[in-house]
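Be aware that the sequence shown starts at 129, since it is given in my numbering, and climbs by one per residue.
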Amino acid sequence: MTVYNFGSINIDMVYRVPHLVNAGETLSSRSMETVLGGKGANQSVAVARAGAHVKHVGRVGSSDQWAVDQLRDAGVDVSLVESIDGPSGHAIIQVDDAGENSIILHGGANQSFNRTLLEVHLEQAVPGDWLLVQNECNDLATAIDIAISKQMRIAFNPAPMTAEISALPLENCDVLIVNETEAEQLSGSSDPDEVMAILAKRYPRTRLVLTLGSKGALLQFDGKIYRQAALDVAVVDTTGAGDTFVGYLLASLIDGLDDEACLQRACTAAALSVKTLGATPSIPTAADVESFAA
Ligand code: RIB
């Protein structure tokens, strides 16, 4: 079973700062690192490190072949990643002393998709394969439409949330993973149990997963709800923690783990990821996750 992850590849420029910059303020950073990121690339790396087969569907600027090499080195199938003229997607990320971040995105190559390209990239997908998708590439509606027509399963992480998301046919998602902000925008409620009740009514066949940062995560499916507390770890950088969670959750489902075990494994992987600076560099291996859980 293959995961086709239609997702962004970003060049992340990560600045360590004493606090997140205020309006009108000029602030010197303590350090700067350039690493592979993007919600799509991060999730592909997490799926691969968790042990599932993932083909990344994405695009980068031709001067950033190193990013593709790093994806491949992490175990991701990059045969559907194209290098094109023009800039890659990139992110300017501030990380403060508490490990919180703020991010400015530039879409670049991530915003250059169309139906023809997506049909070619998903041509080999067969019923039962997964489409994994976030919200940093254009033409999500087309990707979801193709996946439905090919009887693929769909895992959707609508991050970062935009107004257009509500118009997508989310009732076709097998897995929907949202954080508190995304959940509130989708459901209109900020209460986790109410969110789950509203979304379960709206999307009855979908596995709903709500991540709550330091308060853990919830998974609801088939009338049952599972809760997992967050693990207590020293936070260096939360960038990519949500992506690590998504990749591990999906790979664990594919591996046949039950819902409770999937949630536990995803939470453990996400907790480990906040101990290291940077998005893809911080995504743990399956062995790290197993030994931490033990
Ligand atoms: O989720 C973290 C990611 O968000 C970063 O890697 C950055 O590229 C932005 O897309």
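Note that CB positions come from ideal geometry on N, CA and C, so glycine has one too.
Candidates the options: closest to residue i by CA position
i    : options                : result
Q356 : V364, L340, G370       : L340
S172 : V149, D140, V261       : V261
I212 : G186, A202, N170       : G186
P255 : S191, K278, G236, T404 : K278
I220 : A237, A202, L233       : L233
H184 : L250, I353, R330       : L250
S401 : A169, S159, A174, P288 : A174
G203 : S156, F420, I411, I274 : I411
V196 : L314, T309, V163       : V163
D386 : I274, Q348, V248       : Q348
I274 : V361, L314, V248       : V248
E292 : N263, R158, I305       : N263
V206 : K352, I137, D360, D225 : I137
T130 : S159, L259, V303       : L259
V330 : P409, Q198, S294, G235 : It is Arg, not Val, that sits at residue 330 in the sequence shown. Among P409, Q198, S294, G235, the Cα nearest to that of R330 is on S294.
F420 : Q239, Q198, D360       : D360
G235 : S318, Q252, N266       : N266
Sub-8 Å separation of residue i and residue j beta-carbons
i    : j    : result
A345 : L391 : yes
E161 : G406 : yes
Y376 : A389 : no
M280 : H218 : no
L246 : A269 : no
A328 : L336 : yes
S216 : I276 : no
G214 : G189 : yes
G227 : A379 : no
V209 : V145 : no
D257 : Y354 : no
Distance, residue j Cα to residue i Cα
i    : j    : result
N307 : F134 : 20 Å
H147 : N229 : 9 Å
Y143 : T396 : 26 Å
E312 : I231 : 20 Å
T416 : G152 : According to the sequence displayed, residue 416 carries Asp and not Thr. Going by the C-alpha atoms only, they are around 42 Å apart.
A398 : F373 : 5 Å
G166 : A422 : 30 Å
A237 : V182 : 20 Å
D371 : P286 : 11 Å
L304 : V323 : 13 Å
S157 : A362 : 22 Å
R200 : G384 : 25 Å
D225 : T154 : 17 Å
In DSSP terms, what residue i is bridged to
i    : result
K352 : F349
T334 : Bridge partners of T334: none, in fact.
T162 : M141
Y132 : K183, L259
V209 : G186
T339 : N307, A345
G370 : DSSP, once it has assigned bridges, lists no residue as partnering G370.
S230 : Q222
G168 : Partner(s): none; G168 has no beta bridge.
G217 : N138
F284 : V261, L304
Own chain partners of residue i with C-beta closer than 7 Å, once the 5 adjacent residues on each side are dropped
i    : result
T413 : R177
K343 : A358
P320 : L338, L340, L346
L296 : L268, A269, I272
Q193 : S211
S159 : R144
P409 : V163
Close Cβ partners of residue i (< 6 Å) along its chain, the five nearest in sequence each way excluded
i    : result
R243 : T270
C301 : I282, F284, T334
D365 : V223, G227, L405
Heavy atom of the ligand ADP within 7 Å of residue i beta-carbon
i    : result
I231 : No copy of the ligand ADP occurs in the structure displayed; its ligands are the ligand RIB alone.
Neighbourhood of residue i by C-beta, 8 Å cutoff - its chain only, sequence neighbours within 5 removed
i    : result
T290 : N263
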